[in-house]
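So the number in the working numbering is just where the residue sits in the sequence shown, counting from 1, plus 3.
Take a look at the structure below.
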Amino acid sequence: MPLVHTAVRKVVMLGDPVLRAETRRLSPAEIRLPEIQRLIEEMAVTMEAYEGVGIAANQVGEGLSLFLMGLKPGSERWREGIDLTVVFNPEMKFLGQETEWDWEGCLSAPGLRGKVERHTRLELEGLDREGKPFRRTYEGFPARVIQHETDHLMGKVYLDRMKDLTTLAY
Ligand code: NI
C-alpha cells in the first residue's frame with residue numbers, strides 16, 4: 004500500500020486533556036468517510052514511525068473510539084507478531100480469571116515502563132476498517148495491547164492501572 008503521501012501525526016503527550024476524555028463511537032457510515040480512512044492510514048504510519056505496537060485515536064488528538072495494533076513477527080515482545088488490526092468501538096469480554104503481570108510503556112509517556120496486571124484472555128468485538136462487525140479472541144501480549152489501547156479510549160493510561168509504582172522505571 005503506497006503510504007508516501009500519508010502524514011505522520013504528532014503523538015499527544017500525557018497531560019493533554021484529550022488523553023483523559025472518553026472518545027466518541029462511530030457509525031459504519033462514518034467509518035467509511037474518506038477523512039476517517041485517511042486517519043487510519045495516518046495512525047498506521049505514525050505507529051510505525053514511533054515504533055509502537057498500538058495507537059489510540061486520542062493519542063493523535065482525535066477523540067474517536069478507534070485504535071490500531073500491529074507488530075512484525077520475530078519481535079522480542081511477541082515472536083508471532085500481530086497483524087495490523089484496526090478496531091472501532093472496541094468492547095472486551097474477559098475470558099476466565101487468569102491474569103499476568105508484564106511491562107508496559109506508552110507513546111504518550113516516552114521512556115517510562117511499569118508492570119501492569121492484565122487479563123490473559125479476552126474476546127474483542129468491534130467494527131473493522133470497513134465498518135463491518137467482527138469478534139475474535141486473543142491471549143497473551145496481543146490481549147495486553149488491546150486492554151492498554153481500550154483504556155486509552157476511555158481516558159485511562161497504564162499508569163492508572165499500576166497497583167505498585169515501585170516498578171516504574173526510565
Ligand atoms: Ni499507550
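Yeah, the Cβ is synthetic: ideal placement off N, Cα and C, and Gly gets one too.
Note that the structure is a prediction, hence the values are computed from the model and not measured.
_Determine whether the beta carbon atoms of Y173 and L110 lie at a separation below 8 angstroms._
Not in contact: Y173 and L110 (Cβ atoms no closer than 8 angstroms).
*Write down the C-beta distance between A146 and R164 rounded to the nearest angstrom, noting that I regard them as a contact closer than 8 angstroms.*
Rounded, the Cβ-Cβ distance is 14 angstroms, inconsistent with contact.
*When the Cα atoms are used, what is the spatial distance from L36 to A47?*
In a straight line, the C-alpha of L36 is about 17 angstroms away from that of A47.
*Please state whether DSSP places V90 in a helix, a strand or coil.*
Looking at V90 - three-state DSSP - the assignment turns out to be strand.
*Between V63 and R28, is the Cβ-Cβ spacing less than 8 angstroms?*
Taking C-beta atoms as the reference points, V63 and R28 fail to come closer than 8 angstroms.
*Distance CB(N61)-CB(L17) smaller than 8 angstroms*: For N61 and L17, no; Cβs fall outside 8 angstroms.
*Work out the CA separation of F70 and E152 for me, nearest whole Å.*
About 6 angstroms.
*Residue span of the beta strand (DSSP E) that contains P136, given as start and end*: For P136, the uninterrupted beta strand (DSSP E) segment begins and ends at P136 to E142.
_Quick check on this structure: which residue in I43, G84, N92 and M72 has the alpha carbon closest to the alpha carbon of L130?_
The residue with the shortest Cα to Cα distance from L130 is N92.
_Residue range of the alpha helix (DSSP H) that includes V56_ = Segment: none, V56 is in no alpha helix (DSSP H) and carries neither H nor E.
*Given S30, which residues of its chain have a CB within under 8 angstroms of its CB, disregarding the five upstream and five downstream residues?*
Result list for S30: G134, in chain order.
*Out of G117, G143, M157 and R132, state which residue places its alpha-carbon closest to the alpha-carbon of L168.*
It is G117 whose Cα lies nearest to the Cα of L168.
*What do you reckon, is the C-beta of H155 under 7 angstroms from a heavy atom of ligand 1?*
Answer for H155: yes, Cβ within range of ligand 1.
_If contacts are defined as beta-carbon pairs under 8 angstroms, then L74 and V56 qualify, I think. What distance do you get, rounded to the angstrom?_
About 5 angstroms; that satisfies the 8 angstroms criterion.
*With C-beta atoms as the reference, is T49 less than 8 angstroms away from I58?*
Yes, they are a contact pair.
*asked:* Let's see if you can read the secondary structure: which residues bound the beta strand (DSSP E) around E128?
replied: From DSSP, the beta strand (DSSP E) with E128 extends over R124 to L130.
*DSSP puts I85 in a beta bridge; with which residues?*
I85 pairs with L74.
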